[in-house]
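Following: one structure in structure tokens, then a few remarks.
Number of protein chains: 4
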Amino acid sequence: MTDRPEDPPAADDPPAADGLGALADRLARFAAARRWQPFHTPKNLAAALSVEAGELLEIFQWLTPEQAAAVMDDPESAHRVRDEVADVLAYLVQFCTVLGVDPLAALADKIDRNELRFPVPEPPADS
Amino acid sequence: MTDRPEDPPAADDPPAADGLGALADRLARFAAARRWQPFHTPKNLAAALSVEAGELLEIFQWLTPEQAAAVMDDPESAHRVRDEVADVLAYLVQFCTVLGVDPLAALADKIDRNELRFPVPEPPADS
Amino acid sequence: MTDRPEDPPAADDPPAADGLGALADRLARFAAARRWQPFHTPKNLAAALSVEAGELLEIFQWLTPEQAAAVMDDPESAHRVRDEVADVLAYLVQFCTVLGVDPLAALADKIDRNELRFPVPEPPADS
Amino acid sequence: MTDRPEDPPAADDPPAADGLGALADRLARFAAARRWQPFHTPKNLAAALSVEAGELLEIFQWLTPEQAAAVMDDPESAHRVRDEVADVLAYLVQFCTVLGVDPLAALADKIDRNELRFPVPEPPADS
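Here the protein sequences come in this chain order: X, W, C and P.
According to the numbering used here, the first sequence is numbered sequentially starting from 1.
According to the numbering used here, the second sequence is numbered sequentially starting from 128.
According to the numbering used here, the third sequence is numbered sequentially starting from 255.
According to the numbering used here, the fourth sequence is numbered sequentially starting from 382.
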């Protein structure tokens with residue numbers, strides 16, 4: 001488990017107080033202070049992540065494309081979107097912390113693989 | 128849209144090549160190069176996020192708590208977990224980019240609110 | 255589309271007023287009376303089905319196996335379970351109506367296929 | 382648990398070999414023959430239901446409304462839709478069997494409640 005995102009930053013690291021690792025650390029301390037860790041099993045957190053992703057989708061389920069694109073123009077629905085984004089990210093980060101997964105490294109690796117899997121089409125020769 | 132996470136970093140910022148903002152930028156360039164932006168509507172991305180969260184949950188659906196806790200011990204299932212984490216994070220980040228949401232700020236705000244909503248219980252007086 | 259489940263029953267059919275076909279018919283008339291059909295596209299209904307399945311899962315996400323098994327003992331949580339079951343079934347049925355899928359025939363076919371795919375293990379010869 | 386849908390039909394009932402109750406009975410015997418009941422807890426079945434609903438949504442996630450409406454015209458995608466409908470219905474029915482919920486009664490009750498909650502608008506007086 002060398003890639004635990006919640007490892008405390010070394011003293012000479014840049015602050016990055018709002019980076020994903022720092023938020024993972026805040027979430028871990030938040031759960032520990034409330035003794036919620038027994039509930040935060042990988043399976044429960046994966047279920048909670050899926051539930052929250054459903055709540056984000058719920059905002060959009062009956063909207064037309066135009067309404068969906070304008071969802072941040074209304075303060076109330078913008079708040080709801082940000083709130084569900086936060087919930088999804090919170091459970092994803094906590095899931096990763098519990099299993100020792102580095103989500104940023106996982107995503108960087110996936111993009112690397114996808115760049116090989118989906119090569120950019122060459123433009124036509126005469127263009 | 129002052130909080131777009133994909134804004135290019137200023138010249139004197141620390142590199143942070145693996146930070147969430149840099150990955151958001153890579154994902155935006157990846158989709159643009161393949162002309163996938165027309166598909167990346169907020170509603171489609173919210174649906175894709177929900178689908179990928181289901182795929183992560185699928186790994187755990189029949190596992191006992193013991194099996195779930197050991198899921199990273201097997202290289203194949205560990206790879207599958209990292210792959211689905213990457214997919215969830217990729218669609219969450221792309222959703223945020225399209226709507227101009229800063230996911231780290233949304234999560235920091237949510238933790239702030241939850242610290243007020245769920246106060247830490249005081250220890251007994253004689254402890 | 256020979257398998258539309260909302261076809262009116264023939265005059266000499268058994269009543270089956272509570273069968274799935276009759277409920278599909280009630281749901282179709284309910285939506286038509288409120289002019290909701292433009293929203294009831296296959297994609298929107300699939301999204302709504304997924305959202306409601308998440309709401310059913312939400313009831314169980316933090317429960318222990320014992321608490322989950324006892325969920326119908328509490329009238330309030332029993333009502334919530336029945337309500338979410340109804341929502342999932344309602345969107346599944348409406349999805350099927352819109353696309354002309356017979357859900358009962360689809361399930362019967364799937365069980366047929368699964369009986370071939372997962373043969374019952376033979377008992378040991380000496381037992 | 383007076384409403385268990387898997388109760389065997391009485392001798393003078395109409396056959397209804399393809400009704401939802403008969404399919405619930407087939408599914409219960411299928412799982413029992415393979416000794417899968419220990420895995421079929423309410424929580425696991427609710428998770429599996431959500432996963433399968435995600436797989437149904439996956440078919441539609443990048444489709445335009447026109448493509449989504451034509452999904453049954455292609456035999457391969459039509460088969461995939463029927464297959465995912467069957468999986469969703471199978472887990473919903475098994476969930477209901479395990480908890481003693483009658484899904485048809487739950488849906489009928491919900492439609493009753495929704496008819497009160499969403500009254501049909503009166504047509505204009507001069508129409």
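Cβ atoms here follow ideal geometry from the backbone N, Cα and C, with glycine treated the same way.
Specify the secondary structure class of Gln61/X as computed by DSSP and reduced to three states.
Coil.
Measuring CB atoms only, is the stretch 425-433 of chain P touching the stretch 306-313 of chain C, in the sense that at least three cross pairs come out at less than 8 angstroms?
Touching, per the Cβ criterion.
In or out: His294/C buried (at least 16 other Cβ within 10 Å) or exposed?
Counting the other CB atoms within 10 Å of its CB gives His294/C a total of 16 or more, which places it among the buried residues.
Among the residues of its own chain, which have a CB less than 7 angstroms from the CB of Glu306/C, if the five just before and after it don't count?
The answer, listed in chain order, is Glu338, Asp341, Val342 and Tyr345.
So, does the stretch 72-83 of chain X touch the stretch 323-333 of chain C, judging by three or more C-beta pairs under 8 angstroms?
Inter-segment contact for the stretch 72-83 of chain X and the stretch 323-333 of chain C is absent: fewer than three beta-carbon pairs are separated by less than 8 angstroms.
One question on the structure: do Leu485/P and Pro423/P come within less than 8 angstroms of each other, judged by their Cβ atoms?
No.
In the DSSP assignment, find the unbroken alpha helix (DSSP H) run with Pro456/P in it and report its ends.
Per DSSP, Pro456/P is one residue of the alpha helix (DSSP H) stretching across Pro456 to Leu480.
Please confirm if the stretch 484-502 of chain P is in contact with the stretch 276-285 of chain C, defined as three or more CB-CB distances below 8 angstroms between the two stretches.
Taking 8 angstroms as the limit for Cβ pairs, the verdict is that the stretch 276-285 of chain C does touch the stretch 484-502 of chain P.
Quick one: Cα of Ala474/P to Cα of Val482/P, how far?
Correcting the residue type first, residue 474/P is Val in the shown sequence and not Ala. Between Val474/P and Val482/P, the alpha-carbon positions lie close to 9 angstroms from each other.
Compute the beta-carbon to beta-carbon distance between Val198/W and Ala33/X, rounded to the nearest angstrom, for a pair I have assumed lies under 8 angstroms.
Not really, about 27 angstroms apart at Cβ, beyond 8 angstroms.
With a threshold of 8 angstroms between beta-carbons, can Ala174/W be considered close to chain C, or not?
Interface residue, yes.
Helix, strand or coil for Arg494/P per DSSP?
DSSP, reduced to helix, strand and coil, places Arg494/P within a helical segment of the structure shown.
Which stretch, first to last residue, makes up the alpha helix (DSSP H) that contains Arg289/C?
No alpha helix (DSSP H) contains Arg289/C, which DSSP labels as neither H nor E.
Examine chain W for any beta-carbon lying closer than 8 angstroms to the beta-carbon of Ser304/C, and answer yes or no.
Output row for Ser304/C: interface = yes.
So which residues of chain C does Asn44/X contact, with C-beta pairs closer than 8 angstroms?
Ordered by position in chain C, the residues that pass the 8 angstroms Cβ test against Asn44/X are Gln315 and Trp316.
Determine the closest residue to Trp36/X out of Pro250/W, Pro251/W, Phe245/W and Ala252/W, with distance taken between C-alpha atoms.
The option with the nearest alpha carbon to Trp36/X is Phe245/W.
For the stretch 31-43 of chain X, list every residue whose C-beta sits within 7 angstroms of some C-beta in chain W, in sequence order.
Against chain W - using a Cβ distance shorter than 7 angstroms - the residues of the stretch 31-43 of chain X are Ala33, Arg34, Thr41, Pro42 and Lys43.
Skipping 5 residues on each side, what residues in its chain have a beta carbon closer than 8 angstroms to that of Arg367/C?
The answer is none, since no qualifying residue turns up.
Leu274/C and Leu513/P - do their beta-carbons sit closer together than 8 angstroms?
No answer is possible for residue 513/P: the residues shown for chain P start at 382 and end at 508.
Please report the distance separating the alpha-carbon of Ala403/P from that of Thr478/P.
Their Cα atoms are separated by approximately 12 angstroms.
Please name the residue, chosen from Glu496/P, Gln442/P, Pro419/P and Ala449/P, that lies closest to Pro319/C on a Cα-to-Cα basis.
The shortest Cα separation from Pro319/C among Glu496/P, Gln442/P, Pro419/P and Ala449/P belongs to Pro419/P.
Which value, in whole angstroms, describes the spacing of the CA atoms of Ala506/P and Asp327/C?
When rounded, the distance between both Cα atoms is 49 angstroms.
Positions along the stretch 355-373 of chain C whose CB lies within less than 8 angstroms of some CB in chain P
Of all residues in the stretch 355-373 of chain C, only Val355, Pro357, Leu358, Ala359, Ala360, Leu361, Ala362, Asp363, Lys364, Ile365, Asn368, Glu369 and Phe372 come within less than 8 angstroms of chain P when Cβ atoms are compared, listed by chain position.
8 angstroms is my cut-off, CB to CB: does Leu376/P come that close to chain W?
The structure shown has nothing for residue 376/P, since chain P only spans 382 to 508.
Excluding the five sequence neighbours on either side, which residues of its own chain have a C-beta within less than 8 angstroms of the C-beta of Ala449/P, listed in chain order?
Short of 8 angstroms from the beta carbon of Ala449/P, and not among the five residues preceding or following it, lie these beta carbons of its own chain, in chain order: Phe441.
Contact with chain W by Glu439/P, beta-carbon distance below 8 angstroms
Yes, its Cβ sits closer than 8 angstroms to a Cβ of chain W.
At the 8 angstroms Cβ level, is Asp464/P part of the contact set with chain C, yes or no?
Between Asp464/P and chain C, the shortest Cβ-Cβ separation is below 8 angstroms.
On the three-state DSSP scale, how would you describe Phe293/C?
Three-state DSSP puts Phe293/C in a helix.
Apart from the five residues on each side of it in sequence, which residues of its chain come closer than 8 angstroms, Cβ to Cβ, to Asp384/P?
Confidence in Asp384/P is poor, its pLDDT being 44 and thus under 50, which makes the residue's placement too unreliable to answer from.
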